[in-house]
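Asker: Residue numbers (our numbering): 1154 to 1719.
Cβ atoms here follow ideal geometry from the backbone N, Cα and C, with glycine treated the same way.
1. What do you get for residue 1608, buried or exposed, if any count of 16 or more other CB atoms within 10 angstroms of its CB means buried?
2. In the DSSP assignment, the alpha helix (DSSP H) including residue 1218 goes from what residue to what residue?
3. Counting only runs of 4+ residues fully inside the segment 1341-1399, write out the alpha helix (DSSP H) ranges in chain order.
4. Run through DSSP, which three-state label would residue 1538 get?
5. Could you check how far apart the C-beta atoms of residue 1461 and residue 1256 are, in whole angstroms? I think they sit under 8 Å.
6. Which of the three DSSP states is assigned to residue 1621 in this structure?
7. Nearest CA to the CA of residue 1514: which residue from 1630, 1456, 1666, 1614?
8. Please report how far the alpha carbon of residue 1478 lies from the alpha carbon of residue 1311, in whole angstroms.
9. Can we say the segment 1649-1663 touches the segment 1376-1395, given the rule of at least three CB pairs closer than 8 Å?
10. I need the DSSP call for residue 1280, collapsed to helix, strand or coil.
11. On the premise that residue 1363 lies in contact with residue 1325, defined as a C-beta separation below 8 Å, what is that separation, rounded to the nearest angstrom?
12. With a cut-off of 8 Å, do at least 3 Cβ pairs link the segment 1545-1552 to the segment 1634-1643?
13. For residue 1198, name the three-state secondary structure that DSSP assigns.
14. Do you know how far the Cα of residue 1229 is from the Cα of residue 1172?
15. Give the secondary structure of residue 1492 by DSSP, where H, G and I count as helix, E and B as strand, and everything else as coil.
16. Run the CB neighbour count on residue 1629, radius 10 Å, all protein chains shown included, and call it buried at 16 or more, exposed below.
17. Rounded to the nearest angstrom, what separates residue 1374 and residue 1698 at their Cα positions?
18. Based on Cα-Cα distance, which residue from 1555, 1600, 1512, 1492 lies nearest to residue 1526?
19. In chain order, which continuous runs of the alpha helix (DSSP H) of length 4 or greater are located wholly inside the segment 1261-1327?
20. Tell me, to the nearest whole angstrom, how far the beta carbon of residue 1192 is from that of residue 1412; I am working on the premise that it is less than 8 Å.
21. Return the residue from the list 1675, 1695, 1536 that minimises the CA-CA distance to residue 1506.
22. What residue range does the alpha helix (DSSP H) around residue 1468 cover?
23. Write down every uninterrupted run of the alpha helix (DSSP H) in the segment 1512-1583 whose length is 4 residues or greater and which is fully enclosed by it, in chain order.
24. Contact defined as beta carbons within less than 8 Å: I believe residue 1720 pairs with residue 1176. What is the distance between those atoms, to the nearest angstrom?
25. For residue 1254, count neighbouring C-beta atoms within 10 Å of its own C-beta (all shown protein chains included) and say buried if the count is 16 or more, exposed if not.
26. Along the alpha helix (DSSP H) that carries residue 1643, what are the first and last residues, could you check?
27. In whole angstroms, what separates the C-alpha of residue 1168 from that of residue 1614?
28. Evaluate residue 1276 with the Cβ neighbour count: other Cβ atoms within 10 Å of its Cβ, from every protein chain shown; 16 or more gives buried, anything less gives exposed.
29. Apart from the five residues on each side of it in sequence, which residues of its chain come closer than 6 Å, Cβ to Cβ, to residue 1695?
30. With a threshold of 16 other CB atoms inside 10 Å of the CB of residue 1574, please say whether the residue is buried or exposed.
31. Could you name the residues of the same chain whose beta carbon sits closer than 8 Å to that of residue 1404, not counting the 5 residues immediately before and after it, in chain order?
32. Under a three-way DSSP split, which group does residue 1426 fall into?
33. Report buried or exposed for residue 1446, applying the criterion of at least 16 other Cβ atoms within 10 angstroms of its Cβ.
34. Tell me whether the segment 1495-1506 and the segment 1675-1692 touch, counting them as touching only if at least three CB pairs, one residue from each stretch, are closer than 8 Å.
35. Among 1624, 1606, 1649, 1672, which residue has its Cα nearest to the Cα of residue 1593?
36. For residue 1549, count neighbouring C-beta atoms within 10 Å of its own C-beta (all shown protein chains included) and say buried if the count is 16 or more, exposed if not.
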């Protein structure tokens, strides 16, 4: 009997190893190879190794300033996001008050709209002669228009923070909910309270969750392409790289800037993880933990309501501005539109470029999600149920796309696949689908892995004991039990792919293949009704994403934040 089991296990191990190798081949072709090509283009010119373009990058004042601007955008956006997310998470997790669930949902509204879409509406409100300046001038509070966005730089930081704080908020909330309340109670018994209690006990215990969210915020803000383009802010790395895509065969500087972007992103991840890893704040496991929740009473009630409502209004300002812009029939030198219409929605749904972009995004997103679900379940199964050489490598590689900027992957795809049967300048369909899939695969992997961990292995052992095969056990027993996790992870991948910006902007170069985000950017450049049609198209995409996120939240609940851990 033991001999038979040993041979069976050995056979299973070979199958497992084969699956592992196939998965790694996929990553090798569509993740590692493009990155290697980018490094090759930056370091080897005419077959000779050189660091010339890296030197020029720092010698040229324009490039030097652009690098500094991008780093500052990432850092300042992370700081502002932290100032928003930490107090908000503390209030929503630690206090109970009427209307809490409604406000929790409203706080997540920014997830549904990329910051570059919100920037279209915000420009209408905060432009030199936009609604805000006109209102303040009518009230005689200012005599000259104010440049609220600092030439675009401040606007980018504000838009990034208002869009990205939910990622940090979800991670901090999950970390706070997992803190053993007896630790804080013991600290209070020893005399700690208020900010001292938070600084010495609560903050260190929630720090891993904070780092997980801060990594995503920094990388996203540092590498975001769409928002600087809408604000016409060119002195940043992503817009410069975008402008160099078509010249990569004649100007290696695009490769060098892309490599530098990747190095900064990965270095931030490594530094953050090492800093967090070097600080050990562990809690003894006590089973299920019930967070400390206090009922708000007295004078604190209006203050907390005021803070949360103000936060919700600020977070929803980009969405409100885009909705107003999309509905405005006439809006010129007035505080609010003088007439409203659905005309621009009709244009967005019927115009040749915008209508096909909606269908394209649905096609690209559905197919990339199908790939993510299949790979996510397979990788989650191998990580949760199998032991094999390279298991830790697979775990790390599956999560790696969270740390790799989309602009790097897209630039690499152009470098590798131009001139091949899947040339992105001819037909980018396949590469768009694969790039969406690679970038959002961590969502389905993490969701499926969590499902496998929550499902008792004894049910699978019982199935195997009565003669069922591994495959039949997986499809008839395990997958039905984790289906809610799989569907939720798939929905998250789909919604993220629908409004994917960086890879869409770089890979889609012909109108017939434009996804929604590229169509929004293209239409927004049109004189006259461009921003209005772009806003309407943005709202259409937002409605689709909102429906997806509501479904995912229903299925995953509080564990939804775990999908955004880097």
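Answerer: Taking the structure as given:
1. Along the chain shown, read from residue 1 onward, the residue named residue 1608 stands at position 455. By the C-beta density criterion, residue 1608 is buried, having at least 16 other C-beta atoms within 10 angstroms.
2. Working through the chain shown from its first residue, we reach residue 1218 at position 65. From DSSP, the alpha helix (DSSP H) with residue 1218 extends over 1214-1247.
3. List check, alpha helix (DSSP H) in window: 1347-1350, 1356-1376, 1379-1383, 1390-1396.
4. Translated into positions along the chain shown, residue 1538 becomes position 385. Note: residue 1538 maps to helix in three-state DSSP.
5. The sequence position of residue 1461 within the chain shown is 308, counting from 1. The sequence position of residue 1256 within the chain shown is 103, counting from 1. Rounded to the nearest angstrom, the Cβ distance from residue 1461 to residue 1256 is 5 Å, consistent with a contact under 8 Å.
6. On the chain shown, position 468 is the one that residue 1621 refers to. It is coil, neither helix nor strand.
7. One-based indexing of the chain shown puts residue 1514 at position 361. For the residues 1630, 1456, 1666, 1614, the minimum Cα distance to residue 1514 belongs to 1666.
8. Taking the chain shown and counting its residues from 1, one reaches residue 1478 at position 325. Taking the chain shown and counting its residues from 1, one reaches residue 1311 at position 158. Each residue's Cα considered, the two are about 19 Å apart.
9. By the C-beta criterion, the segment 1649-1663 is judged to be in contact with the segment 1376-1395, since at least 3 inter-stretch pairs fall below 8 Å.
10. Sequence index remark: in the chain shown, residue 1280 carries index 127 (1-based). Three-state DSSP puts residue 1280 in coil, outside helix and strand.
11. Here the question's residue 1325 lines up with position 172 in the chain shown. Here the question's residue 1363 lines up with position 210 in the chain shown. The beta carbons of residue 1325 and residue 1363 sit about 6 Å from each other, so the pair counts as a contact at 8 Å.
12. Touching, no.
13. Here residue 1198 refers to the residue found at position 45 when the chain shown is read from its first residue. When DSSP states are grouped into helix, strand and coil, residue 1198 belongs to the strand group.
14. Within the chain shown, numbered from 1, the residue matching residue 1172 stands at position 19. Within the chain shown, numbered from 1, the residue matching residue 1229 stands at position 76. Just so you know, the alpha carbons of residue 1172 and residue 1229 end up roughly 43 Å apart.
15. For the purposes of this step, residue 1492 is taken as the residue at position 339 of the chain shown. In the structure shown, residue 1492 falls within a strand segment according to DSSP collapsed to helix, strand and coil.
16. The sequence position of residue 1629 within the chain shown is 476, counting from 1. Residue 1629 counts as exposed, since fewer than 16 other C-beta atoms from the protein chains shown sit within 10 angstroms of its C-beta.
17. By one-based count along the chain shown, residue 1374 stands at place 221. By one-based count along the chain shown, residue 1698 stands at place 545. Roughly 20 Å separates the two Cα atoms.
18. As a first step, residue 1526 must be located in the chain shown, where it is residue number 373. Of the candidates 1555, 1600, 1512, 1492, the one whose C-alpha sits nearest the C-alpha of residue 1526 is 1600.
19. Qualifying alpha helix (DSSP H) stretches, in chain order: 1268-1279, 1284-1291.
20. Stepping through the chain shown from its first residue, residue 1192 is reached at position 39. Stepping through the chain shown from its first residue, residue 1412 is reached at position 259. The C-beta distance from residue 1192 to residue 1412 rounds to 6 Å, short enough to fall under 8 Å.
21. Residue numbering aside, residue 1506 sits at position 353 when the chain shown is read from its first letter. Ranked by Cα distance from residue 1506, the options 1675, 1695, 1536 are led by 1675.
22. Position 315 of the chain shown, counted from the start, is the residue given in the question as residue 1468. Counting along the chain, the unbroken alpha helix (DSSP H) around residue 1468 starts and ends at 1453-1480.
23. Within the segment 1512-1583, the complete alpha helix (DSSP H) runs of at least 4 residues are 1544-1552, 1559-1570.
24. Coverage of the chain is limited to positions 1154 through 1719, which leaves residue 1720 absent and any answer about it impossible.
25. On the chain shown, position 101 is the one that residue 1254 refers to. A residue is called buried once 16 or more other Cβ atoms fall within 10 Å of its Cβ, and residue 1254, having fewer, is exposed.
26. Position 490 of the chain shown holds residue 1643. Segment 1636-1651, the alpha helix (DSSP H) holding residue 1643.
27. Taking the chain shown and counting its residues from 1, the one referred to as residue 1168 is at position 15. Taking the chain shown and counting its residues from 1, the one referred to as residue 1614 is at position 461. When rounded, the distance between both Cα atoms is 18 Å.
28. By 1-based counting over the chain shown, the position of residue 1276 is 123. It counts as buried.
29. As a working note, residue 1695 is residue 542 in the chain shown. If we look at residue 1695 and ignore the five residues flanking it on each side, its Cβ neighbours are 1265, 1266.
30. For the purposes of this step, residue 1574 is identified with residue 421 of the chain shown, where counting begins at 1. Under a 10 Å Cβ-count criterion, residue 1574 is classified as exposed, with fewer than 16 other Cβ atoms of the shown protein chains found around its own Cβ.
31. The count along the chain shown starts at 1 and reaches residue 1404 at position 251. Answer for residue 1404: 1397, listed in chain order.
32. Translated into positions along the chain shown, residue 1426 becomes position 273. DSSP places residue 1426 in helix when its eight states are reduced to three.
33. Position 293 of the chain shown, counted from the start, is the residue given in the question as residue 1446. Exposed is the call here.
34. The way I'd put it, the segment 1495-1506 does touch the segment 1675-1692; three or more beta-carbon pairs between them come closer than 8 Å.
35. Taking the first residue of the chain shown as position 1, residue 1593 is located at position 440. The shortest C-alpha separation from residue 1593 is found at 1649.
36. Taking the first residue of the chain shown as 1, we reach residue 1549 at position 396. Flag for residue 1549 reads exposed.
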